[in-house]
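Chemist: Protein chains in written order, with this note's numbering: chain A, 1 to 272; chain B, 1001 to 1196.
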Amino acid sequence: MNVPVDPKTLVAEMSPVSTSEQIATMKKALLKNIQRSAYVYRVDCGGCNGCEIEIFSSITPVFDAERFGIKVVASPRHADILLFTGAVTRSMRMPALRAYEAAPDPKIVVSYGACGCTGGIFHDLYCVWGGTDNIVPVDVYIPGCPPTPAATIHGFAVALGLLEQKLKAETHVEAAGETAALPHPDIPYALRVRLEREARRMAGYRQGRDIAEEFMALLEGHAHTPGSFSLSERMLEAIGEERDPRRAEIIARLADVVQRAIRGEAPRGEAP
Amino acid sequence: MLKLLKEIFRTGEATVKYPFAPMPVCKDFRGKPEHKAEDCIACAACTVACPANAIQMETDTAAGSRTWSINYGRCVFCGRCEESCPTGAIRLSDDFELAVGSKADLTRKAVFTLADCACCGKPFAPAKEVDYVARLLSQSARSAEEADRLRLTAATCPACKRAQDVHHIAGMGIARQMEAGLSKTGKPAKELETTP
Ligand code: SF4
Ligand code: SF4
Ligand code: SF4
Chain A
1 MNVPVDPKTL VAEMSPVSTS EQIATMKKAL LKNIQRSAYV YRVDCGGCNG
51 CEIEIFSSIT PVFDAERFGI KVVASPRHAD ILLFTGAVTR SMRMPALRAY
101 EAAPDPKIVV SYGACGCTGG IFHDLYCVWG GTDNIVPVDV YIPGCPPTPA
151 ATIHGFAVAL GLLEQKLKAE THVEAAGETA ALPHPDIPYA LRVRLEREAR
201 RMAGYRQGRD IAEEFMALLE GHAHTPGSFS LSERMLEAIG EERDPRRAEI
251 IARLADVVQR AIRGEAPRGE AP
Chain B
1001 MLKLLKEIFR TGEATVKYPF APMPVCKDFR GKPEHKAEDC IACAACTVAC
1051 PANAIQMETD TAAGSRTWSI NYGRCVFCGR CEESCPTGAI RLSDDFELAV
1101 GSKADLTRKA VFTLADCACC GKPFAPAKEV DYVARLLSQS ARSAEEADRL
1151 RLTAATCPAC KRAQDVHHIA GMGIARQMEA GLSKTGKPAK ELETTP
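(1) Compare the beta carbon distance of A/Tyr205 and B/Glu1082 with 8 Å and say whether it is the shorter of the two.
(2) Hey, could you find the ends of the beta strand (DSSP E) A/Ile23 is sitting in?
(3) Quick one: what's B/Glu1034 bridged to in DSSP?
(4) If you compare alpha carbons, which of A/Cys45, A/Phe63 and A/Ala176 is closest to A/Ala87?
(5) Are A/Thr85 and A/Gly113 closer than 8 Å when you measure CB to CB?
(6) Could you confirm whether any beta carbon from chain B is found closer than 8 Å to the beta carbon of A/Pro137?
(7) Taking the alpha carbon of B/Phe1029 as the point to measure from, which residue in A/Glu213, A/Ala150, A/Gly177 and A/Ile250 has its own alpha carbon closest?
(8) Heavy atom of ligand 2 less than 7 Å from the Cβ of A/Cys115, yes or no?
(9) Look at the alpha carbon of B/Phe1112 and the alpha carbon of A/Arg201, and state the distance between them as a whole number of angstroms.
(10) Please report the distance separating the alpha-carbon of B/Gly1012 from that of A/Pro61.
(11) Helix, strand or coil: which one does DSSP assign to A/Arg192?
(12) Can you name the residues that DSSP bridges to B/Pro1126?
(13) A/Leu97 lies in the alpha helix (DSSP H); which residues open and close that run?
(14) Measuring straight from C-alpha to C-alpha, what distance separates B/Arg1091 and B/Ile1174?
(15) Excluding the 5 residues flanking B/Cys1026 on each side, which residues of the same chain have their C-beta closer than 7 Å to its C-beta?
(16) Any Cβ of chain B within less than 8 Å of the Cβ of A/Ala199?
(17) Should B/Asp1105 be labelled buried (16 or more other beta-carbon atoms within 10 Å of its own) or exposed?
(18) Quick check on this structure: which residue in A/Thr118, A/Leu30, A/Lys32 and A/Gly227 has the alpha carbon closest to the alpha carbon of B/Val1076?
(19) What does B/Leu1213 touch in chain A if you count any residue whose Cβ is under 9 Å from its own?
(20) In three-state terms, what does DSSP make of B/Ala1175?
(21) What is the rounded straight-line gap between the Cα of B/Thr1061 and the Cα of B/Cys1117?
(22) Check each candidate in B/Cys1160, B/Pro1086, B/Asp1094 and B/Ala1115 and name the one with the smallest Cα separation from A/Ala176.
(23) Between B/Cys1078 and ligand 1, is there a pair consisting of the residue's CB and a ligand heavy atom that are separated by less than 7 Å?
(24) CA-CA distance, A/Lys27 and A/Glu21?
(25) For a test of your reading of the model: does the CB of B/Ala1054 fall under 7 Å from any non-hydrogen atom of ligand 2? Yes or no.
(26) Kindly confirm or deny that the stretch 172-186 of chain A and the stretch 1039-1048 of chain B touch, where touching means at least three C-beta pairs closer than 8 Å.
(27) Output needed for A/Arg253: all residues of its chain with C-beta closer than 7 Å, excluding positions within five of it in sequence on either side, in chain order.
(28) Any idea if B/Met1001 is buried or exposed, counting beta-carbon neighbours within 10 angstroms, 16 or more meaning buried?
(29) Is the beta carbon of A/Val138 less than 8 Å from the beta carbon of A/Val17?
(30) Would you check if the stretch 154-171 of chain A and the stretch 1095-1110 of chain B touch, i.e. whether three or more CB-CB distances between them fall below 8 Å?
(31) Buried or exposed: which applies to A/Gly161, given that a residue is buried once 16 or more other Cβ atoms fall within 10 Å of its Cβ?
(32) DSSP state of B/Phe1020, grouped into three classes?
(33) On the DSSP bridge list, what partners appear for B/Ile1070?
(34) For A/Phe84, which of helix, strand or coil comes out of DSSP?
(35) Let's test the definition: count the other Cβ atoms within 10 Å of the Cβ of B/Arg1162 and tell me whether it reaches 16, buried, or not, exposed.
(36) For B/Ala1141, which three-state DSSP category applies?
Right, here's the structure in full:
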């Protein structure tokens, strides 16, 4: 008989470390006194090493974290700030806790990267704890996969109280009668889909969407203010004005899609 | 020594001014996914596409609401939400300053209301999505009558549509049912018109 097993009973639930009042006040004093001497120890709890690479690029001369006295040290016993990267794999839990215990109180814990914040892309893996805050109390979260060196510097500035955090929790509630606008209502739906599809096929979703939007703005502009040019003249002009040959090619193809639609032919590559 | 000094002057200062001056980022930088809830139709395409499950949807039929939420702490900045969004409501911005002190500030939510099925009256899809689809379909309708029919179709839940189709087919003569069956094996079904 296979009795359903509650997966919760199979894993040991270990409570995260908590800090006392006294340490919290000491931490406030530390933040005031730390000024320009923040020693950072980096604990890799099983990430992909992308985060480590970005940490090291933020201590290169270009970003130069040492301007703020941020130094990476080799032992947790010298550290004021502990930087946890990675999703905390099961086997890294004890070493991570040992590093945490070894650092002298008061200490600031920074959770680095999407993995450190919540487990990131590995959050539901069987072998991870899913985030630094599941094992130790965290003071600052720096999201990113990996955070860019500039984001790292910003995160440290937030941790040291130099900058305010920018993000705030927000909830949008749908207003009565709120509707999403139809994109380009003047262009037939079938034509719009063909244009978007062709542009995306040629340039990918980001640039493709941008080019398609520009092109459809051109079509709409023509419809609203026809002027003395015909549509094909106007499209040829747009192609001629384009400096980037790749974009010119894509716009030429979009113009071809429009011409075919006007002639009532099936789009290229599709049976009529 | 002079050579070294010369080299230093030639190189200039390599260090960026950030955070004392804004940091320029390149075009199409993948930063924080910016969600414009006004343009969102709560279709959940981004929820399905998100590889890290940073975007999640919760449907509460009792309260008649669907809550969209994003956790910036879990996002891996892949851009798949932007790729899949039909209305362009979500787009990766060039904002990278995401560090926070409390985890709650990493989430953003949007609450949408559910529409009731035009047939059975049970909530089945977000009202904004139903409205958007109805307008999109009636845009390409040939007549006002067809537009009305398409609008009604969009406002009907899948279960009711299925029931209607079965009813419709059962009402047909046996010969037409056979024809409809045949059409599956190659011939186009011209006669069988069910709800699109
Ligand atoms: S956050 Fe991203 S880059 Fe950093 S360790 Fe995790 S997967 Fe790697
Ligand atoms: S960028 Fe990728 S990980 Fe981030 S919310 Fe969009 S789909 Fe999810
Ligand atoms: S894909 Fe776009 S419209 Fe659909 S739920 Fe996501 S953000 Fe909203």
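Here a beta-carbon is modelled for each residue, glycine too, at the ideal position from N, C-alpha and C.
Remember, it's a predicted structure, so these values are computed and weren't measured experimentally.
Modeler: Walking through what the data contain:
(1) yes
(2) Secondary structure note for A/Ile23: it is in no beta strand (DSSP E), and the uninterrupted alpha helix (DSSP H) holding it is Glu21 to Asn33.
(3) B/Arg1091
(4) Of all alpha-carbon atoms in A/Cys45, A/Phe63 and A/Ala176, the one lying nearest the alpha-carbon of A/Ala87 is that of A/Cys45.
(5) yes
(6) no
(7) A/Ala150
(8) no
(9) 33 Å
(10) 12 Å
(11) helix
(12) B/Leu1114
(13) Arg93 to Ala102
(14) 53 Å
(15) none
(16) no
(17) buried
(18) A/Thr118
(19) Examination of residue 1213 of chain B is not possible in this model, given that chain B is present from 1001 through 1196 alone.
(20) helix
(21) 12 Å
(22) B/Ala1115
(23) no
(24) 10 Å
(25) Relative to the non-hydrogen atoms of ligand 2, the Cβ of B/Ala1054 comes within a distance shorter than 7 Å of at least one.
(26) Enough Cβ pairs lie closer than 8 Å, so yes.
(27) Glu198 and Met202
(28) exposed
(29) The answer is no: Cβ separation not under 8 Å.
(30) yes
(31) exposed
(32) Annotated three-state conformation of B/Phe1020 is coil, per DSSP.
(33) B/Ile1055 and B/Arg1108
(34) strand
(35) exposed
(36) Looking at B/Ala1141 - three-state DSSP - the assignment turns out to be coil, as it is neither helix nor strand.
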